[in-house]
Amino acid sequence: NPCPDGTKQVISGVCFVTSWGSQGTSDGQFNYPYGITVDSSGKVFVADGNNNRIQKFQLSNPCPDGTKQVISGVCFVTAWGSQGTSDGQFKTPRGIAVDSSGNIFVVDSENNRIQKFTNNGDFVLKWGSQGTANGQFKGHSNIAVDSSGNIFVVDSENNRIQKFTNNGDFIGKWGSLGITNGQFNYPLGLSVDKAGNVFVADTANHRIQKFTNNGDFVLKWGS
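For the working numbering, count along the sequence shown from 1 and bump the result up by 17.
Structure (structure tokens):
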């Protein structure tokens, strides 16, 4: 406060920077974008849900060679994906996360799996199927990566969090349907802080829960 040049004050201390996108299938357009993440170099990745693709953007002005200007300061870099079940295809991608090496992890929700890609969209590996066993999913919606590269997935309809290595090996899980500490009712969002604590949006219980990196309950708030 005051807002920098090129931004617009919304309220005191809050400055609008930019926005981009409209409904469609062209570069820089979206159809129900569900998830977004940013890598360490500032590249923006969007899970473009109903277009069954990932779009990658760079915030730059002018746009570098090989990119395409969407609006001033926003450059389309690349996209990958189409509807299907093969490697690199999606059925309603939702959550998306990036690790410290720039690898991209996508919640391929209706295929009940996680897919891992390089920063430019090359397929690396996948894991998961529909079910309730370890490493299986039902209605999973979001994903996060800690500083060690461990992967956390909100397995929404199974009312639990699952933890994996960077290559998809199962590490552990916690949660069940309920209202007591460590239980969930259709959790949808999660995030991991620098210390490795895991925060979960326990959606139908109208609260946030905080856990250690291994799933021990710490605290909760909300109603």
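Built from N, CA and C at the ideal position, the CB exists for glycine as well. The model shown is predicted, which means the values in this text are computed figures rather than measured ones.
- In the structure shown, T54 falls within a strand segment according to DSSP collapsed to helix, strand and coil.
- In this structure N68 is buried. Its beta-carbon is surrounded by 16 or more other beta-carbon atoms within 10 angstroms.
- A straight-line Cα-Cα distance of about 22 Å links P79 and N136.
- In the three-state reduction of the DSSP assignment, T84 falls in the coil class.
- In the DSSP annotation of this structure, S36 is not part of any beta strand (DSSP E), being labelled neither H nor E.
- If the five residues before and after V91 are omitted, its C-beta is found closer than 7 Å to the C-beta atoms of T35, W37, F74, L76, all from its own chain and listed in chain order.
- A contact is defined here as three or more CB-CB pairs under 8 Å, and the stretch 104–119 meets this definition with respect to the stretch 164–181.
- The residue among V215, S126, T220 with its C-alpha nearest the C-alpha of G195 is T220.
- CA-to-CA, the gap between A64 and G119 works out to about 16 Å.
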